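These protein sequence lines map, in sequence, to chains Z and B. Just so we're aligned, residue 1 is where the first sequence starts under full-length UniProt numbering, counting upward by one. Just so we're aligned, residue 1 is where the second sequence starts under full-length UniProt numbering, counting upward by one. Positions of the beta carbon are idealized from the N, C-alpha and C atoms, including for glycine. Values in this document were obtained by computation on a predicted structure and should not be read as measured data. Here the structure is laid out as structure tokens; the discussion comes afterwards.
Protein chains: 2
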Amino acid sequence: MSTPNEARDARHRQRKDEIIAAGRRCFRQSGFHAASMAQLAAEASLSVGQIYRYFTNKDAIIEEMVKRIIDSRLVYMEETATARNLPRLLAWRQALDEDDEALMLEVGAEASRNPVVARMLAEADSRMFTHACQNVKKTYPHFSDEHIRTCVEVFAVLVEGTAFRRLTPQKASAERLFILYQQLTDLLFKTEEK
Amino acid sequence: MSTPNEARDARHRQRKDEIIAAGRRCFRQSGFHAASMAQLAAEASLSVGQIYRYFTNKDAIIEEMVKRIIDSRLVYMEETATARNLPRLLAWRQALDEDDEALMLEVGAEASRNPVVARMLAEADSRMFTHACQNVKKTYPHFSDEHIRTCVEVFAVLVEGTAFRRLTPQKASAERLFILYQQLTDLLFKTEEK
């Protein structure tokens, strides 16, 4: 049986989830800059005052949203977006979650004008990058840290460039891209200098 | 000596340039969605009515702005961002114009919610892509069109991914990235199948 404290914590978590879900819908629709706390409260069927009990401001909502997107990307990276699977994911432009991708584009656009969001993006990227390096190290323990960082950077460029290009129609053959991305992966994992 | 018509055309062009410049500043500051025609008019020191004599709505201003960014990118591609120079530009994350890049990120974020802007982005990408393919064809006339499209797509992914990653600190050595991007360029321009 749950104690009163546990029940309160569960309610608290659920309310936060609802605010984040409402935030995501508002941000997708209007962008961070145009979405107001009032609009967000209406979307969550709460008062603005209630929202402030959970998040001190809009930036705090964005921060929690980004944290959750990165959490789910880390799981995806572990399970699906391994170096072995990347050529296929890139060539066929497979997205983990289209809403997440659109929101991260929004984060990028906002980061270029808002230093608070720029810091969030830098931290999110740093978490992803460190995690990806650790994953590569597990499979290729003889690689130098410097070489691993180079590989991960190129993969990050390819993954983020592909996410951006998903906004426009694909103009090259996915089959040919697949072959090329496989060759590129081979290049990355065979060029370690001694 | 200029005729009255020529003088009027020159004034018309200058006014349009001023509105685009004001639009760029407003869009950088607030994003497309939040920037209003009133804010834009104030920034250009014009009345809203005057703005409407040049552009039917905010989307028309965005469209002209995107057209001009692509025009300058095509010149850049021709003169600087050739296949030969790309490894260096990518490894050191060199930007043509940081404002242009931030505005194109904003175009991407807006494209994911506004079909008019999505169409603009698709047309802009199509112009860039066609032009890049023609450039490659000039240097490698024996390459198949299919192979050229594959190369250009990979380059586009690398250029756009690098632009996005410029928002966060670089974590790999530019010198090592340079070597890798050179190998990748060699791979692209040597893997044409007969």
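Delimiting residues of the alpha helix (DSSP H) encompassing residue i
i	result
P141/Z	Counting along the chain, P141/Z falls outside any alpha helix (DSSP H), and DSSP gives it neither H nor E.
T150/Z	D145 to R165
P169/Z	Careful: P169/Z lies outside any alpha helix (DSSP H) and carries neither H nor E.
R176/Z	A174 to L188
R84/B	Element bounds for R84/B: n/a, residue is neither H nor E.
A109/B	E98 to A111
Whole-number beta carbon distance between residue j and residue i, since they are thought to touch under 8 Å
i	j	result
L103/B	R24/B	6 Å
V157/B	R165/Z	6 Å
I51/B	I19/B	6 Å
V66/B	A118/B	At roughly 12 Å, the Cβ-Cβ gap does not stay under 8 Å, so V66/B and A118/B are not in contact.
P87/Z	T185/Z	6 Å
L187/Z	L187/B	7 Å
A83/Z	V136/Z	7 Å
D99/B	R28/B	6 Å
S112/Z	L167/B	7 Å
On the three-pair Cβ rule with 8 Å, is the stretch 102–112 of chain B touching the stretch 98–115 of chain Z?
They touch, by the three-pair rule.
If you pair each beta-carbon of the stretch 121–129 of chain B with each one of the stretch 139–152 of chain Z, do three or more pairs fall below 8 Å?
Too few Cβ pairs lie closer than 8 Å, so no.
Can you give, in chain order, each stretch of the alpha helix (DSSP H) that sits fully within the UniProt domain "HTH tetR-type" (13–73) of chain Z and has at least 4 residues?
Fully enclosed alpha helix (DSSP H) runs of 4 or longer: 37–43 and 48–54.
Is the stretch 79–99 of chain B touching the stretch 167–185 of chain B in the sense that three or more CB pairs, one from each, lie closer than 8 Å?
Here the stretch 167–185 of chain B makes contact with the stretch 79–99 of chain B; the two share three or more CB pairs at distances below 8 Å.
Three-pair Cβ contact test at 8 Å for the stretch 34–43 of chain B versus the stretch 51–66 of chain B:
Pairwise C-beta distances place the stretch 34–43 of chain B in contact with the stretch 51–66 of chain B, as three or more of them are shorter than 8 Å.
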